Amino acid sequence: MTSPPAAPPRLFDRARVARNRDRAAANYPDYAFLKARVSRDIAERLEDTSHNFPHALELGAHDGQLSHLLLETGKIEQIKSADISQKMVERMQASGLTARLMDEEMLEVEPASLDLIASALSLHWVNDLPGTLIQIRKALKPDGLFLGALFGAGTLAELRACLMEAETELKGGIAPRISPLPGLQDLAALMQRAGFTLPVVDRETVTVRYASPLKLLEDLKGMGERAAFTPGTGRPLPRSVLMRTLELYLENYRDLDGKVRASFEIVHLSGWAPADSQPRPLRPGSAKASLADAVRNHGTA
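Residue numbers (our numbering): 293 to 593.
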């Protein structure tokens, strides 16, 4: 008898993810520069399509700025916005959006009911990303579109390296400090596994410069991006390790003007729910179009 597949490990504490966002909600616009950049990119990609999308959903919406931008494209009639944080939901409702609580791991959406699902910088906190992508595909109508973006494996490479060096030097080993993030090839495979047609995955690296490493840590807190491991997975960061990490950061990643660099890898995902009208996908490994071209050209004569 074949055993059922093992459940994915629960690395992230979803309640803690919600608390981090609750704490960030009041001042979130002051720290949402990456969310704003990615939201503009997603809205521009949507504008490049020939389709209209009457019913849309934004998952992991934070303060809903992507929802507002999508409405401004004129391609959407109605959009609902959802987040795991009650405080973020209240911010969205105050801005005039139709918003509700929803956990990306448990989509409360009727099958084949949406024309578009979008998500900006939230899905990297999901424990079962393959399962969530399957839920998203099932929630889309035939020929419905998913546009997403999340932090990829190259994010905070400098901070990761300094933490590992400091903890190894002072403690003789390392503990989980920064969330593991998926790589480009992993995400491409997951989009195919989830059943999307014409899936395309691409990435960009955004380099942000800070007056000090402490300002980077302040920004991560303000974004609601502090660590959210399940209890027992990690352990408290000793002050000695933190201070050594900051020293190493300044030694290794400070530019001539005294500022330090921090890298954020943004991975964009695009995929369509299967429909009879769609062209057949290319053989694996033969795709040559960019994500923007795939979104732009689908459905054009």
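Note that the Cβ used here is the ideal one computed from N, Cα and C, for glycine as well. This structure is a prediction, so every number in the text was calculated from the model and none was measured.
Tell me the DSSP bridge mates of residue i?
i	result
G440	S411, L561
L432	L406
S373	E350, A391
Y502	V552
E276	Outside the modelled stretch of the chain, which goes from 293 to 593, sits residue 276, for which no answer is possible.
R332	Its beta-bridge partners do not exist; DSSP assigns none.
T489	W564
I470	Paired residues: none, contrary to the question.
Evaluate residue i with the Cβ neighbour count: other Cβ atoms within 10 Å of its Cβ, from every protein chain shown; 16 or more gives buried, anything less gives exposed.
i	result
N544	exposed
S405	exposed
A318	exposed
R302	exposed
G563	buried
S295	The predicted model places S295 with a pLDDT of 47, which falls under 50 and marks its position as unreliable, so this point remains unresolved.
G352	buried
P505	buried
G388	exposed
Could you tell me the boundaries of the beta strand (DSSP E) in which residue i lies?
i	result
H347	345-351
E382	Counting along the chain, E382 falls outside any beta strand (DSSP E), though it belongs to the alpha helix (DSSP H) covering 378-386.
Can you give me the C-alpha to C-alpha distance between residue i and residue j, rounded to a whole angstrom?
i	j	result
E459	G446	20 Å
P523	T365	42 Å
S411	V493	14 Å
H354	A519	17 Å
L540	A486	41 Å
S532	K463	10 Å
P566	P403	13 Å
R311	D568	43 Å
G444	L476	7 Å
D305	K551	33 Å
K372	R546	43 Å
F438	L349	10 Å
L509	L448	11 Å
H560	D375	19 Å
A324	D340	25 Å
D549	A503	9 Å
For residue i, collect the residues of the same chain with a Cβ closer than 8 Å to its Cβ; drop the 5 residues on either side in sequence, then sort them by chain order.
i	result
L421	L415, P474, L482
P346	I368, E369, Q370, D407
R501	D547, K551, V552, R553, A554
A431	L349, L399, V401, E402, P403, A404, S405, L406, I409
Identify, in the order they occur along the chain, each residue of the same chain with its Cβ nearer than 6 Å to the Cβ of residue i, setting aside the five sequence neighbours on each side.
i	result
C454	T537, L540, Y541
I426	A486
A480	V493
Just to confirm the assignment, what range does the alpha helix (DSSP H) spanning residue i have?
i	result
D314	306-317
Q477	476-485
V533	531-545
A519	Note, A519: premise wrong, no alpha helix (DSSP H); not H, not E.
Can you list, in chain order, the residues of its chain with a C-beta nearer than 7 Å to that of residue i? Leave out the 5 residues immediately preceding and following it.
i	result
K327	H354, Q357, A412, L413
R308	A520
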